[in-house]
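Taking the working numbering, the leading residue of the sequence shown gets 157, the next gets one more, and so forth.
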Amino acid sequence: MMEIPVYLFTGFLEAGKTRFIQETLADSGFFKGKDRTLVLLFEEGEEELDPLGFASPDVFVEILDDKAKLNPDKLEALRRKHNANRVLAEYNGMWLLNDLFAALPQGWTVFQEMMFADASTIEVYNANMRNLVVDKLSTCELVVFNRCNADTDREALHKLVRGVSRRTDIIYENVDGTFAYDDIQDPLPFDVHKSEITIEDRDFALWYRDLADSMPQYNGKTVTFLGLVNKNDRLPKDGFVIGRQIMTCCADDITYSGLLCESGGSRVNTGDWVRLTAKITVKPCSLYGKTGPVLRLVSVEPAEAPAELVATFY
Numbered sequence: 157m158m159e160i161p162v163y164l165f166t167g168f169l170e171a172g173k174t175r176f177i178q179e180t181l182a183d184s185g186f187f188k189g190k191d192r193t194l195v196l197l198f199e200e201g202e203e204e205l206d207p208l209g210f211a212s213p214d215v216f217v218e219i220l221d222d223k224a225k226l227n228p229d230k231l232e233a234l235r236r237k238h239n240a241n242r243v244l245a246e247y248n249g250m251w252l253l254n255d256l257f258a259a260l261p262q263g264w265t266v267f268q269e270m271m272f273a274d275a276s277t278i279e280v281y282n283a284n285m286r287n288l289v290v291d292k293l294s295t296c297e298l299v300v301f302n303r304c305n306a307d308t309d310r311e312a313l314h315k316l317v318r319g320v321s322r323r324t325d326i327i328y329e330n331v332d333g334t335f336a337y338d339d340i341q342d343p344l345p346f347d348v349h350k351s352e353i354t355i356e357d358r359d360f361a362l363w364y365r366d367l368a369d370s371m372p373q374y375n376g377k378t379v380t381f382l383g384l385v386n387k388n389d390r391l392p393k394d395g396f397v398i399g400r401q402i403m404t405c406c407a408d409d410i411t412y413s414g415l416l417c418e419s420g421g422s423r424v425n426t427g428d429w430v431r432l433t434a435k436i437t438v439k440p441c442s443l444y445g446k447t448g449p450v451l452r453l454v455s456v457e458p459a460e461a462p463a464e465l466v467a468t469f470y
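So this is what it looks like as structure tokens:
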């Protein structure tokens, strides 16, 4: 089966997605050999693509602004209509990305995902539709904040992104067309270079995400933190899960996020709050279904529940 690379561009209306796609398609370097490019527009903005500015005649634009038609059969039919071997998708900012990912036909793979945001309005979107902002920030590799000027609070924009992802790159594009890469230092509230790390209750969500993003640097480290015990029949003998409820953006997305702890399962019960010290080993784990951080118990003590039962990134 032929693999179809998808270049995905997200953001809200007037965020600069269409302009970037136009510039990309005007670049002859973007076309090699027999590239046939399908451009999928999932919304219609004020700015329109100009086919006369494309560097190749083998670019085909289709509008699909009816969410009811967002399904694998429809997308594959549009690709086959033009015999395209790659796709550029400008996604509707009001639709959740999981709807698109679930609708991608077999063989379609998101090759690159970029989010565009108007620096003067994104904080308003974040205040009123945070779930949609988080949705777009969660999986993108790069965020471009355009229309920046001398009054733009870049630190606030940086924090907005880092509240969701520590891996996403950030670019600030100024109104004069110049741009700068984000270089704001973002130290963690704990020292990952120590062999023994203590996680404060308020920092659990940050630590849990950093552990997932940077597992190798935690391998062999000893960590102490407060967590909620969960036990079930799927766990190894004498094992248990220790974690917290974590909220990314709103009450609807609160999820219990935990880690497997080996040894000591007989000492704790589901629903117990405990302060645990354990050594982290990154290894294949059947519970995760992949390689992940597994804890080896050093000590565990009963503890009071934290003042804030749900851990957040703020």
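Beta carbons: idealized from backbone N, C-alpha and C, even for Gly.
- Message: So within the stretch 164–229, which uninterrupted alpha helix (DSSP H) runs reach at least 4 residues, ignoring any that extend past its ends?
- Response: 173–181
- Message: Quick check on the burial criterion: 16 or more other C-beta atoms within 10 angstroms. Buried or exposed for His349?
- Response: exposed
- Examine the Cβ distances between the stretch 276–285 and the stretch 195–204 and report whether three or more of them are shorter than 8 Å. no
- Given Thr308, which residues of its chain have a CB within under 8 Å of its CB, disregarding the five upstream and five downstream residues? Ala275, Ser276, Phe301 and Tyr328
- Message: I believe Leu256 touches Leu298 by the beta-carbon criterion, under 8 Å. Please report the beta-carbon distance rounded to the nearest angstrom.
- Response: Wrong, their Cβ atoms sit about 18 Å apart, outside the cutoff.
- Query: By the 10 Å Cβ neighbour count, where 16 or more other Cβ atoms means buried, how is Ala467 classified, buried or exposed?
  - Reply: buried
- Task: Measure the alpha-carbon distance for Leu244 versus Gly185 and round it to whole angstroms.
- Result: 15 Å
- Message: Which residue wins for smallest C-alpha separation from Ser370, given the options Thr380, Glu356, Pro449 and Gly319?
- Response: Pro449
- How about Leu293 and Ser321: are their beta carbons less than 8 Å apart? yes
- Query: Would a C-beta distance cut-off of 8 Å place Pro343 and Leu362 closer than the cut-off?
  - Reply: no
- Per-residue DSSP class, three states only, for Ala368: helix
- Going by C-alpha distance, which of Lys230, Leu384, Thr426 and Asn239 is nearest Glu464? Leu384
- Expected contact under 8 Å - CB spacing of Phe267 and Val162 to nearest Å: 6 Å
- Query: Would you call the stretch 282–290 and the stretch 419–437 touching, i.e. three or more CB-CB distances under 8 Å?
  - Reply: no
- Could you check the C-alpha separation between Lys439 and Gly414 for me, to the nearest Å? 16 Å
- Message: Suppose contacts are defined by Cβ-Cβ distances below 8 Å. Is Ile177 in contact with Phe168 by that definition?
- Response: no
- Could you tell me which of Lys188, Gly189, Val215 and Phe210 sits nearest to Val195, measuring between CA atoms? Val215
- Task: From the DSSP output, in three-state form, read off Ser422 for me.
- Result: helix
- Message: DSSP three-state label for Trp363, please.
- Response: helix
- Query: Relative to the alpha-carbon of Asp291, which residue among His238, Gly249 and Lys315 has its alpha-carbon at the smallest distance?
  - Reply: Gly249
- Query: Which residues mark the beginning and the end of the beta strand (DSSP E) in which Arg303 is found?
  - Reply: Leu298 to Cys304
- Identity of the residue in Arg192, Pro228 and Ala224 nearest Pro213 by Cα: Arg192
- Message: If I measure Cβ to Cβ from Arg235 and keep anything under 6 Å in the same chain, skipping five residues before and after, which residues do I get?
- Response: Leu194
- Specify the secondary structure class of Gln262 as computed by DSSP and reduced to three states. coil
- Task: Check Asp408 in the structure and name its three-state DSSP category.
- Result: helix
- Query: Just the Cα atoms here: how many angstroms apart are Arg400 and Tyr412?
  - Reply: 6 Å
- Item | Alpha-carbon to alpha-carbon, Asp339 and Pro458 | 42 Å
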